[in-house]
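Novice: So that we are looking at the same thing, I have put the structure below in structure tokens.
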Amino acid sequence: GIRPNVATYILQMDYRIGAGDLSGAHAAYEALKSEEVNNGEDLSVINKYIRELCSAPSPNYERIISIIADLEELKVRPEADTLSAICLLYLRRDELHDIIDILRAHCFHYTLDERARIRDALFAYCLDRRNSTTSAWDAYIIMREMFDETDTEKRTQLMNEFFDRKRSDIASHVFGHMRQHIRQDQRPTSDTYVECLVGIAKCADKESLD
167 GIRPNVATYI
177 LQMDYRIGAG
187 DLSGAHAAYE
197 ALKSEEVNNG
207 EDLSVINKYI
217 RELCSAPSPN
227 YERIISIIAD
237 LEELKVRPEA
247 DTLSAICLLY
257 LRRDELHDII
267 DILRAHCFHY
277 TLDERARIRD
287 ALFAYCLDRR
297 NSTTSAWDAY
307 IIMREMFDET
317 DTEKRTQLMN
327 EFFDRKRSDI
337 ASHVFGHMRQ
347 HIRQDQRPTS
357 DTYVECLVGI
367 AKCADKESLD
């Protein structure tokens, strides 16, 4: 006469996720939704499930959106690493407005360490040569808008990445954004100027030099 309960379905979800059986995990998730959950004990495995869905070779977008909507209905914020996975999925789908919307809704409620993890996911996306220059630029623009605390060192790495991609025009914009920053400690150093000028020289881009 023992019937499954919240703990049963959480364990089932975790096992199915670990086995790569996302359909089985979804069946357990649907069963879990019919149970009364206290103290958010299911949130960890739900976040894990969303991350696995986002990283699947062919993500089930409708299912991901449905689960995100479930969390929003419960007024629950996704974990920082989950938000990172969602943002990268949106980037791959070129849904930039959705990234901005979800970051504006949640990003400023995270700790600095959690914010750094989200930012670093976007940063790594920019440096991944499998991603197009246009998509990397989109990720940079989002990172610049939502993570103003990004230090000069990381911004300089991004500048050099665009130089390496032979896009000195974009790299010069990154440099210009550093120069315009309201905080002195976020502005380019003399070494940054040198790296920018060397990058322009390698690209032989007179317009960017001007």
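Quick note on numbering: the numbering used here labels position 87 of the sequence shown as 253, and the sequence is numbered without any gaps. Glycine included, every Cβ here is placed at the ideal spot set by N, Cα and C. Predicted, not measured: the structure shown is a model, and the values here were computed from it.
1. Would you kindly check if the distance between the Cβ of P244 and the Cβ of I231 is under 8 Å?
2. Please classify P170: is it buried, with 16 or more other beta-carbons within 10 angstroms of its beta-carbon, or exposed?
3. Using a Cβ-Cβ cut-off of 7 Å (strictly less than) and excluding sequence neighbours within five positions of H275, which residues of its own chain qualify?
4. Give me the Cα-Cα distance between E327 and L375, rounded to the nearest whole angstrom.
5. At which residues does the alpha helix (DSSP H) containing A246 begin and terminate?
6. I'd like the list of long-range same chain contacts for T248, defined as Cβ closer than 6 Å, with 5 residues on each side in sequence excluded.
7. Indicate the three-state DSSP secondary structure (helix, strand or coil) for A185 in the structure shown.
8. Classify F121 as helix, strand or coil using the three-state DSSP reduction.
9. If you follow the alpha helix (DSSP H) that G365 is in, where does it begin and where does it stop?
10. When DSSP labels each residue in this structure, what does V242 get in the three-state scheme?
11. Just checking my contact of R285 with A246 at CB under 8 Å: how many whole Å lie between their CB atoms?
12. Taking the alpha helix (DSSP H) that I307 falls in, what are its first and last residues?
13. State whether the region 348-356 contacts the region 312-331, with contact taken as three or more CB pairs (one from each stretch) at a distance under 8 Å.
14. Determine, using beta carbons only, whether D208 and I176 come nearer to each other than 8 Å.
Specialist: With the structure as the only source:
1. no
2. exposed
3. R243
4. 17 Å
5. 246-258
6. N213, I216, R217
7. coil
8. Outside the modelled stretch of the chain, which goes from 167 to 376, sits residue 121, for which no answer is possible.
9. 356-369
10. coil
11. About 10 Å; that fails the 8 Å criterion.
12. 299-312
13. yes
14. yes
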